[in-house]
Every structure is written in structure tokens, then in C-alpha cells.
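*Asks:* Got a structure for you, questions after.
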Amino acid sequence: MPMHVFLHRRARVAHDLLRGSAPGLVGLALLVGAGAGMGAVVFRWLITAFTELFTGTTDYSASGGTAHPAFPWAGAWFVVLAPVLGGLLYGPLVHRFAREARGHGVPEVMLAVARNGGRIPPRVAVVKSLASALCIGSGGSVGREGPIVQIGAALGSSMGQWLRVPPHRLGLLVACGAAGGISATFNAPVAGVFFALELILRSFSAEAFGVVVLASVTASVVGRTVMGDEPFLVLPPFSVGSPVEYLLYAALGLLAGLLGWAFARFLYRVEDACDRVWRGPEWLRPAVGGLLLGGVLLVLPQMYGVGYPVLQNGIDGGYALGFLLVLLVGKMLATSLTIGIGGSGGVFAPSLFIGAMGGTAFGLVAQAAFPGLGISPGAYGLIGMAAVFAGASHAPIAALVIVFELTGQYSIILPLMAAVALATGISHLVSRETIYTLKLLRRGLDITAESTPDLLRSLTVGQAMGPAPEPLEGSCRVPEIVARFGSARYRVAPVRVGGDLLGTIVAADALATAGPGVTAADLARTLPSLQAGTPLHDAVSVLHEHATTGLPVVGPAGGDPIGWVDHRDVVAACAAARPAGSPRSAGVSPPG
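Below, the structure is given as C-alpha cells:
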């Protein structure tokens, strides 16, 4: 047998072993874990390097608003321009090469596992690393967990796609990468496991648990070897001074759960406001919006970057009650603004920050109200971290394990468990959506829905859509616009300026506007878009919010609308696809 034939056969055997056997899956988990660990090391190094470049320090949030060593004449005012310069770098990078890298990352990974068979483009890892490091280093008030989850998941997905593993195993490799990223960047291997299982896979099985643990341990070993074994927070030991404190911890859990829910809603309200206001090209949005973020950082330099030193100082008792509340509100605003202007970074660390400030403030109030109980406000800050994240994410196990492992405070495990459970429960009562799934639902994607065979799930937006309305030039005046809508199928029209799509004009806006001098460009607004491949079931909630306008439909790569869809199109598509005489085929029970 010729040598090249022999080697080819041996390679095929090795490939089949890797992609199809249990030992092969173990080997892939170890490789993905090692890759995610190195990715976390590189990512943290990039954040430090860019922070030093933009501020002259390794963590500007702890510097108290000092001047840049290279520009002492500017004082603290240089911080206003730092997010602008960062946005000029990462804005075009994300827009041109990987728009999935915008935002906080975890929802995109959840979607890839739930709907796309675990497929994530390989370029996402590189673009996300650079974009998020630039965003955080230039002042973006976001966390590093979302980026590292997306980076590790992209590495796992890329390896699986290269080896052509089955879809089920590809999803496991994505989870392995996510767990490895969390494990290495926070030096928390157990936290990485439960984050991946509860949030990414959203299921527990023996096979998934085994491979995710192996990947998480491997990544943690890599991270500790390179970055050391320092704990996330160095805190004094806390304890429960009196059984009465359990009632206070329960109250904190309820309030923190509502705070986590409020943070999620505020985040997307600010993003909606940014969408309504912005009329320029998307690649420029982070730079222009960076001026607003820079103004916040000038007033509150503690909001610069991730802000872990500020978090620790708050729990240690370094801030008065009033300033703790200022930091809480400031973090909600700075994080929401960073995401809203198109920044790239996670919301896990901001959730911990908000919980720490809110919990410590609650502890100070309780200490003043009950001086005889021996209350430690820092303990309430520690528990507030877990409870706010649980309220925002509906992931109680991940929240409990993450905060416990990051801090090592076993002495308060009982109130921690109680507060997290109550926070999750009350958050579920006010909303079934989380800070992660809400982002997807706003795009018409409901990954939490049960899989049932009905037409809304089998038909796609592309099958229901009608032709896209003919665009209007931005210079068109109101009388011409009104005349155009007289016989139009959809009461909307895209608006172009110089060949570029500016937004959409709605008939009601034109009819309500006085003055013939108003142009289409003045009335254009941004509508969310649906992808042609999205199931109708995932699109109906978004269509319900825009029943009077319908929504544009775009292809997989985005770009200009390829069609338009409204509620009439959905009904017509279901009616056309329903077999005659079958009232149940659309998932609807017959009357009576």
C-alpha cells in the first residue's frame, strides 16, 4: 500500500474518532478548554494594554479622575475624548467584519445553540476580542464576561465546524468554549460550568456536564498558569450576627430581584432611545455617542471600564450611603449608554456592580435601623451581587455559584441561597424574559418557546412577506409623500439619501406633519428588521408592537430590505398553507 494512501486512511480514522466517539468528544473538550483559556489570557491582556494606551493607567476607575501622564495640561478632560477615539476604531471594525460582535454577546451564543445548530462564524472570536477590548479600554462601562463567552464559544464552534461534528456535539463544544472563557477570565471553574449549562445550553445532562467540566478545568489551569491564582475579590470574613438578619436578607433578595429586572428594562429603553435619535451610519455611532459617555465619565470616573476596584471599595465600606446610590444609578446609565451607542461588552459585571452598591446601601440602612444586630453592610453588598444578577438573568444556580466562588465566602451561604431564590422568584413574577432573552425577543426570536408543530413555526418570514415598498428620496416633500401612500399596499416607505438607506417614513407621521417644507429625511425613523429565515412564531410578538407599520425583511447578511411583512401577510400565509378543512393545522383549536 502506498504511504500516502496509508496516511490518508489513518487520518480518516482519527477524524472519525474525534467527531463521533466518546473519547473523541473528551479530547475536543480539552482542546476547546485550552483554546478558551488562552483566548481569555489574550483578551485580558488586550484590555489592560488598551486601558494603558487611553488613560496611562491599568485601571482608570480607581484613579480618581487623574490626568493622562502624556497630556497633563488636559487634566481629567481627556476622558471625554477617550470613548470617541475608541469608537472610531471598533465601530468600523464591527460594522465591516462581524456585526454579531456588537452588544453583550451572550444572547448571540444562546441563539446559535438554540436555533443555528451551534454555528458561529470563526471571525467573531477575533473581532469580538479587539472590539470589546477597545471598548472597555477606552472607557466603555461594560464587563468582560459577555465577550469572553462569545470568544470561547466561537473557538469551540469553529473547531467543531472544521471537523464537521454532528449538530448536537457542536452545541456542546460551544458550551465548552463559553465555560472555559468564564473559568479562565474569573479564575472560577465551577462558575464557568453552571454558566454554560444554565444559560447557554439551558439543560443538564450527564454528557454535557462531563465535557463542560473538563473544558472548564482545562481553561482554568491555563489561566492560572499564565495569570496566577489571585481571587476575584479579597474581602474580610462575613457572618450572620443574628437570626433576625435572615428577614433582612429576604427583603434584600426581593428588592434586588426587582432591581435586576429594572436594569434589564432600562438597558433596552436607552438602546431604543439611541436608535430613535441616531440618523447617521452605524459605524460612526459609537464615536459620536462616545461624547455622551465621555461626559458621564468626566463626572463619575468610577464608571470607566469594568470597575472592579470600585466594586471592592464599595463592599469594603469605602463609600457613604449617598455615593453608593450615585454609583448604582451611574453604572446603570453608563452601561446602558455604552450598549446603546453600539459598544461591545458584557452586562454580567455591571449587574454585580449594581448589586454590590445597592446591597451595601441596604446594609448601611439596616445597620443604622438595627444597631444591636452587629450587621456588616459588606455582606449585604456581596449577597446583592448575586441577587441582582439572578433577577436580571433568571439563572439562580449560576448566580449563586458564581458569587460564592468569586468571593469564597461560605459563611453566608444560607442567606445567599435565600436571597437568590427570592430574587429569581419575584423577577419571574414581573417578567418571563431575562436581560439576555429580551434582546433576542426584540428581534422576533423566542428561544424559550416550546417546540410545537404548527404553521407559525414551520413558515418563515420570507414565505409570508410581500414586496418591499419603493424607496423615497430624502428630499421628497410632504404633499408628494402623502400622494404616494394613497394607493400603497404598506403605509410605509424606505428613505434614501445619496443611495444610502436612512430609515423609514410612516404615513401617519407624514399626515400629522404641517408645512410643505418638511422632507422625507426629516420624518424618517428606524424600524427593527426581521430576517427572511425567522419563523413566524418568533416574529409575531415584534409585529404586534408595530401593527400599524409592519416591518422590513432583510437577508442573512442584513442590508437593504428584500421585502415587507405585516399581520395581514402572516394571516394570509397561514391561510394559504393550512390544509382544507383542518382547523388545527395552524396550532389553533376549533371552537366549541
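First residue of the sequence shown: 154, per my numbering; consecutive thereafter.
For glycine and all other residues, C-beta sits at the position ideal for the given N, C-alpha and C.
Keep in mind it's a predicted model, so treat the numbers as computed, not measured.
May I ask you to report which of helix, strand or coil DSSP gives Ala251?
*Replies:* Translated into positions along the sequence shown, residue 251 becomes position 98. Coil at Ala251, not helix or strand.
*Asks:* Roughly how many whole angstroms lie between the Cα atoms of Leu412 and Cys629?
*Replies:* Along the sequence shown, one-based indexing puts residue 412 at 259. Along the sequence shown, one-based indexing puts residue 629 at 476. Leu412 and Cys629: Cα-Cα distance of roughly 46 Å.
*Asks:* With distances taken from CA atoms, which of Met263, Phe224, Arg649, Gly525 is nearest Gly209?
*Replies:* By 1-based counting over the sequence shown, the position of residue 209 is 56. Answer by Cα proximity: Phe224.
*Asks:* Any idea what DSSP makes of Gly722, helix, strand or coil?
*Replies:* The count along the sequence shown starts at 1 and reaches residue 722 at position 569. Strictly speaking, residue 722 in this sequence is Asp, with Gly absent from that position. Asp722 falls in the helix class under three-state DSSP.
*Asks:* In whole angstroms, what is the alpha-carbon distance linking Leu654 and Gly711?
*Replies:* Reading the sequence shown from its first residue, position 501 is the one you call residue 654. Reading the sequence shown from its first residue, position 558 is the one you call residue 711. If you take the alpha carbons of Leu654 and Gly711, they lie about 12 Å apart.
*Asks:* When you compare the stretch 504 to 515 with the stretch 396 to 414, are there three or more beta-carbon pairs, one atom per stretch, that lie closer than 8 Å?
*Replies:* Enough Cβ pairs lie closer than 8 Å, so yes.
*Asks:* Take the Cβ of Val724 as the centre, count every other Cβ of all protein chains shown within 10 Å, and call the residue buried at 16 or more, exposed below.
*Replies:* Start at 1 with the first residue of the sequence shown, and residue 724 comes out as number 571. That one is exposed.
*Asks:* With 16 as the cutoff for other CB atoms within 10 Å, does Tyr402 come out buried or exposed?
*Replies:* Within the sequence shown, residue 402 is the residue found at index 249, counting from 1. Buried is the call here.
*Asks:* Cβ atoms of Ala235 and Leu437: under 9 Å apart, would you say?
*Replies:* As a position in the sequence shown, residue 437 is number 284, starting the count at 1. As a position in the sequence shown, residue 235 is number 82, starting the count at 1. The beta carbons of Leu437 and Ala235 sit no closer together than 9 Å.
*Asks:* Arg716 and Gly619: beta carbons closer than 9 Å?
*Replies:* Residue numbering aside, residue 716 sits at position 563 when the sequence shown is read from its first letter. Residue numbering aside, residue 619 sits at position 466 when the sequence shown is read from its first letter. The question names Arg, but residue 716 is Gly in the sequence shown. A contact, by the Cβ cut-off of 9 Å.
*Asks:* Three or more beta-carbon pairs under 8 Å between the stretch 414 to 429 and the stretch 470 to 483, yes or no?
*Replies:* Flag = no, the stretch 414 to 429 and the stretch 470 to 483 do not touch.
*Asks:* Quick one: grab the DSSP three-state call for Gly290.
*Replies:* Residue 290 sits at position 137 when you count from the first residue of the sequence shown. Here Gly290 sits in helix by DSSP.
*Asks:* Applying the 10 Å Cβ sphere with the 16-neighbour rule, what's the burial state of Gly525?
*Replies:* For the purposes of this step, residue 525 is identified with residue 372 of the sequence shown, where counting begins at 1. Gly525 comes out exposed.
*Asks:* For Pro622, which of Arg644, Val573, Ala636, Gly615 has the nearest alpha-carbon?
*Replies:* Taking the sequence shown and counting its residues from 1, one reaches residue 622 at position 469. Measuring from the Cα of Pro622, the nearest candidate turns out to be Arg644.
*Asks:* My output table needs one value for Thr488: the three-state DSSP class, helix, strand or coil.
*Replies:* To locate residue 488, count along the sequence shown from 1; it is residue 335. Here Thr488 sits in helix by DSSP.
*Asks:* When you compare only the Cα positions, how much space is there between Cys392 and Val573?
*Replies:* Within the sequence shown, numbered from 1, the residue matching residue 392 stands at position 239. Within the sequence shown, numbered from 1, the residue matching residue 573 stands at position 420. The identity of residue 392 in the sequence shown is Ser, whereas the question assumes Cys. The alpha-carbon atoms of Ser392 and Val573 are separated by roughly 17 Å.
*Asks:* Go to Asp691, then tell me how far its alpha helix (DSSP H) extends in each direction, as first and last residue.
*Replies:* In the sequence shown, the residue the question calls residue 691 occupies position 538. Note, Asp691: alpha helix (DSSP H), 689 to 698.
*Asks:* Can you tell me which of the three DSSP states Ser604 falls into?
*Replies:* As a working note, residue 604 is residue 451 in the sequence shown. Low confidence applies here, because Ser604 scores a pLDDT of 45, under 50, leaving its location unreliable; read the following figure in that light. Looking at Ser604 - three-state DSSP - the assignment turns out to be coil, as it is neither helix nor strand.
*Asks:* Could you say which of Gly296, Leu178, Trp230 lies nearest to Gly496 if we only look at CA atoms?
*Replies:* Counting from one through the sequence shown, the residue named residue 496 turns up at place 343. Ranking Gly296, Leu178, Trp230 by Cα distance to Gly496 puts Gly296 first.
*Asks:* CA-CA distance, Thr649 and Glu626?
*Replies:* Position 496 of the sequence shown holds residue 649. Position 473 of the sequence shown holds residue 626. First, the amino acid is wrong: residue 649 is Arg here, not Thr. Approximately 5 Å, taken between the alpha carbons.
*Asks:* For a test of the three-state rule: what should DSSP assign to Val650, helix, strand or coil?
*Replies:* The residue you call residue 650 lines up with position 497 of the sequence shown. Looking at Val650 - three-state DSSP - the assignment turns out to be strand.
*Asks:* Compare the C-alpha of Thr567 against each of Leu478, Asp722, Tyr399 and name the closest.
*Replies:* By 1-based counting over the sequence shown, the position of residue 567 is 414. First, the amino acid is wrong: residue 567 is Leu here, not Thr. Just measuring C-alpha positions, the residue of Leu478, Asp722, Tyr399 sitting nearest Leu567 is Tyr399.
*Asks:* Are the beta-carbon atoms belonging to Leu386 and Thr672 less than 9 Å from one another?
*Replies:* Reading the sequence shown from its first residue, position 233 is the one you call residue 386. Reading the sequence shown from its first residue, position 519 is the one you call residue 672. Not in contact: Leu386 and Thr672 (Cβ atoms no closer than 9 Å).
*Asks:* Over the uninterrupted alpha helix (DSSP H) stretch that includes Val430, give me the two end residues.
*Replies:* What you label residue 430 is simply residue 277 of the sequence shown in a count that begins at 1. Note, Val430: alpha helix (DSSP H), 398 to 430.
*Asks:* Less than 9 Å between the C-beta atoms of Ala646 and Ala368, yes or no?
*Replies:* Locating residue 646 in the sequence shown gives position 493, counting from the first residue. Locating residue 368 in the sequence shown gives position 215, counting from the first residue. Note that the C-beta distance between Ala646 and Ala368 is not below 9 Å.
*Asks:* How big is the Cα-Cα spacing for Phe348 and Phe357?
*Replies:* Here the question's residue 348 lines up with position 195 in the sequence shown. Here the question's residue 357 lines up with position 204 in the sequence shown. Distance between the alpha carbons of Phe348 and Phe357: 11 Å.
*Asks:* Reducing DSSP to helix, strand and coil, say where Ile273 ends up.
*Replies:* By one-based count along the sequence shown, residue 273 stands at place 120. Note: Ile273 maps to coil in three-state DSSP.
*Asks:* If the criterion is Cβ atoms closer than 9 Å, does the pair Ala674 and Ile634 meet it?
*Replies:* Position 521 of the sequence shown, counted from the first residue, corresponds to residue 674. Position 481 of the sequence shown, counted from the first residue, corresponds to residue 634. Result no, Cβ atoms of Ala674 and Ile634 do not sit closer than 9 Å.
*Asks:* Measuring only the C-alpha atoms, how far is Asn269 from His321?
*Replies:* In the sequence shown, residue 269 corresponds to position 116, counting from 1. In the sequence shown, residue 321 corresponds to position 168, counting from 1. Those two C-alpha atoms are separated by around 11 Å.
*Asks:* Using only the alpha-carbon positions, how far apart do Thr219 and Ala473 sit?
*Replies:* Residue mapping note: residue 219 aligns to position 66 of the sequence shown, counting from 1. Residue mapping note: residue 473 aligns to position 320 of the sequence shown, counting from 1. For Thr219 and Ala473, the distance between alpha carbons rounds to 21 Å.
*Asks:* Tell me whether Val430 is buried or exposed, calling it buried when 16 or more other Cβ atoms sit within 10 Å of its Cβ.
*Replies:* In the sequence shown, residue 430 corresponds to position 277, counting from 1. Per the 10 Å Cβ criterion, exposed.
*Asks:* Which whole-angstrom value describes the C-beta separation of Val185 and Leu308, a residue pair presumed to lie in contact below a C-beta threshold of 8 Å?
*Replies:* Taking the sequence shown and counting its residues from 1, one reaches residue 185 at position 32. Taking the sequence shown and counting its residues from 1, one reaches residue 308 at position 155. Yes, they are in contact, since the Cβ atoms of Val185 and Leu308 sit about 6 Å apart, within 8 Å.
*Asks:* Considering only their Cβ atoms, is the gap separating Gly460 from Ser294 smaller than 9 Å?
*Replies:* The residue given as residue 294 occupies position 141 in the sequence shown. The residue given as residue 460 occupies position 307 in the sequence shown. Yes.
*Asks:* Over the uninterrupted beta strand (DSSP E) stretch that includes Val500, give me the two end residues.
*Replies:* Taking the first residue of the sequence shown as 1, we reach residue 500 at position 347. No beta strand (DSSP E) holds Val500; DSSP gives it neither H nor E.
*Asks:* Taking the C-alpha atoms as reference points, what is the distance between Ser285 and Tyr589?
*Replies:* For the purposes of this step, residue 285 is identified with residue 132 of the sequence shown, where counting begins at 1. For the purposes of this step, residue 589 is identified with residue 436 of the sequence shown, where counting begins at 1. Their Cα atoms are separated by approximately 18 Å.
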